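Per my numbering, residue 23 is the first one in the sequence shown, and the count goes up by one each step. Encoded as structure tokens, the structure appears first; notes follow it.
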Amino acid sequence: MNIEELKLELKYTSRRGSLCYSVKDHNTLAVKAPHGTSMDYIREDISRNWDKVHKLFESYYLDFPVCGFADGMKLFLMDTEIILRYKTMDGIAFHFNPDENTLYVAKDLQNEVESLLKCFFSHKAEYLRVRCRYLAMQHNFRINRINLRWVSSKWGSCSVKGNVTLSNYLIMAPKAIQDYIILHELCHLRHMNHSKDFYTLLQKLDAQYKEHRAWLKDKGRALRIFHQK
23 MNIEELKLEL KYTSRRGSLC YSVKDHNTLA VKAPHGTSMD YIREDISRNW
73 DKVHKLFESY YLDFPVCGFA DGMKLFLMDT EIILRYKTMD GIAFHFNPDE
123 NTLYVAKDLQ NEVESLLKCF FSHKAEYLRV RCRYLAMQHN FRINRINLRW
173 VSSKWGSCSV KGNVTLSNYL IMAPKAIQDY IILHELCHLR HMNHSKDFYT
223 LLQKLDAQYK EHRAWLKDKG RALRIFHQK
């Protein structure tokens, strides 16, 4: 990447001082600047600090690699490896054949494949909501609401109000990993920290939680296949 290819998302703030940079997506730099800062000044500052900006993008690429959804690409749905194929289809955007473990996407919609894949996986991710309710009932946790979102920064979270949020990306992980994250968040309903009591409870519910945590640390990044917004 070079400066000429860079897109800027500018936000003016009342804060005085130097410009603040963060990466929005693979070719967009978010810029926070004091009111009145000219675009020429911003571009000059980026040029002066290009090494710093470039390192921000390098770090981002490690976490969220650019993914081209090529014909024959391997995807994952829980414990199953599925294949992405493009074919001519009349009036159908995509179709999943479970017998072939193949997801077919209409050839003429290749430019929209990311949004179509999100639609497919979002539908499948409803399983996570059902599973969370089941595990909560099985282990006597009281939950209020379950949210499913395309969250890339974390696999799950919970609130003091009893709301559990799960990342849709989890639907691409093996079921044992899904259960680990769900149980992890359910344990936080009783212990809103990572105390000894929290891990004692988690160990009781998931004796292999350390192995599951290590799996996510090692392989979880590969599940985040979409561009981040």
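Ideal Cβ positions, reconstructed from N, Cα and C, are used throughout, including at glycine. Keep in mind it's a predicted model, so treat the numbers as computed, not measured.
(request) Check whether the Cβ atoms of SER174 and ARG246 sit closer than 7 Å, and answer yes or no. (result) Taking the first residue of the sequence shown as 1, we reach residue 174 at position 152. Taking the first residue of the sequence shown as 1, we reach residue 246 at position 224. Yes. Within cutoff.
(message) If you measure between the beta carbons of LEU32 and VAL53, is that distance less than 7 Å?
(response) Numbered from 1 along the sequence shown, position 10 holds the residue referred to as residue 32. Numbered from 1 along the sequence shown, position 31 holds the residue referred to as residue 53. The answer is yes: Cβ separation under 7 Å.
(request) Please go through the same chain and pick out, in chain order, the residues whose beta-carbon is closer than 8 Å to the beta-carbon of GLY255, but skip the five residues on each side of it. (result) Residue 255 lies beyond the range of the chain shown here (23 to 251); nothing can be said about it.
(request) Answer with buried or exposed for GLN160, where buried requires no fewer than 16 other C-beta atoms within 10 angstroms of its C-beta. (result) Numbered from 1 along the sequence shown, position 138 holds the residue referred to as residue 160. It counts as exposed.
(message) Less than 7 Å between the C-beta atoms of LEU131 and ALA115, yes or no?
(response) In the sequence shown, counting from the first residue as 1, residue 131 sits at position 109. In the sequence shown, counting from the first residue as 1, residue 115 sits at position 93. A contact, by the Cβ cut-off of 7 Å.
(request) For the beta strand (DSSP E) containing VAL53, list its first residue and its last residue. (result) As a first step, residue 53 is located in the sequence shown; it is residue number 31 there, counting from the start. First-last of the beta strand (DSSP E) with VAL53: 50-56.
(request) Please classify PHE220: does DSSP put it in a helix, a strand, or coil? (result) Against the sequence shown, residue 220 aligns to sequence position 198. The answer is helix: DSSP assigns PHE220 an H, G or I state.
(message) Spatial neighbours of ARG212 within its chain, please: C-beta separation below 7 Å, excluding the five flanking residues on both sides.
(response) Here residue 212 refers to the residue found at position 190 when the sequence shown is read from its first residue. Same-chain partners within the cutoff: LEU223.
(message) In the DSSP output, which residue or residues are listed as bridge partners for CYS180?
(response) For the purposes of this step, residue 180 is identified with residue 158 of the sequence shown, where counting begins at 1. Answer is VAL186, bridged to CYS180.
(request) Closer than 8 Å by C-beta to ILE64: which residues in its own chain qualify, once you throw out the five before and the five after it? Chain order, please. (result) Position 42 of the sequence shown holds residue 64. Excluding residues within five positions, the ones whose Cβ falls inside 8 Å are LEU30, LEU32, LEU41, VAL53 and ALA55.
(message) Using a Cβ-Cβ cutoff of less than 7 Å, which residues in the same chain neighbour CYS141 once the five nearest sequence positions on both sides are dropped?
(response) For this step, residue 141 is matched to residue 119 along the sequence shown. Answer for CYS141: no residue qualifies.
(message) If contacts are defined as beta-carbon pairs under 8 Å, then GLN200 and ARG153 qualify, I think. What distance do you get, rounded to the angstrom?
(response) For the purposes of this step, residue 200 is taken as the residue at position 178 of the sequence shown. For the purposes of this step, residue 153 is taken as the residue at position 131 of the sequence shown. Rounded, the Cβ-Cβ distance is 7 Å, consistent with contact.
(message) Check whether chain D comes within 7 Å of VAL45, counting only Cβ atoms and requiring the distance to be less than that.
(response) Looking at the structure shown, chain D is missing, and only one protein chain is on hand.
(request) Could you tell me whether the stretch 163-173 touches the stretch 64-77, where touching means 3 or more Cβ pairs closer than 8 Å? (result) no
(request) On the DSSP bridge assignment, give the partners of GLU31 in chain order. (result) One-based indexing of the sequence shown puts residue 31 at position 9. Paired residues: ALA52.
(message) Just to confirm before moving on: does the CB-CB distance between SER138 and LEU125 stay below 7 Å?
(response) As a first step, residue 138 must be located in the sequence shown, where it is residue number 116. As a first step, residue 125 must be located in the sequence shown, where it is residue number 103. A quick correction: the sequence has Leu, not Ser, at residue 138. Going by C-beta atoms, LEU138 is not nearer than 7 Å to LEU125.
(request) Within its chain, find whatever has a CB closer than 7 Å to the CB of LYS183; leave out the 5 residues flanking it on each side and keep chain order. (result) Here residue 183 corresponds to residue number 161 of the sequence shown, with the count starting at 1. Once the five neighbours on either side are set aside, the close Cβ partners of LYS183 are ASN166.
(request) Drop a sphere of 10 angstroms on the beta-carbon of HIS234, count the other beta-carbons inside from all chains shown, and report buried for 16 or more, exposed for fewer. (result) Here residue 234 corresponds to residue number 212 of the sequence shown, with the count starting at 1. Buried.
(message) Here's the rule I'm using: 16 or more other beta-carbon atoms within 10 Å means buried, otherwise exposed. How should ASP228 be labelled?
(response) Numbered from its first residue, the sequence shown carries residue 228 at position 206. Buried.
(message) From the DSSP secondary-structure annotation, give me the bridge partner or partners of THR102.
(response) In the sequence shown, residue 102 corresponds to position 80, counting from 1. Paired residue(s): LEU99.
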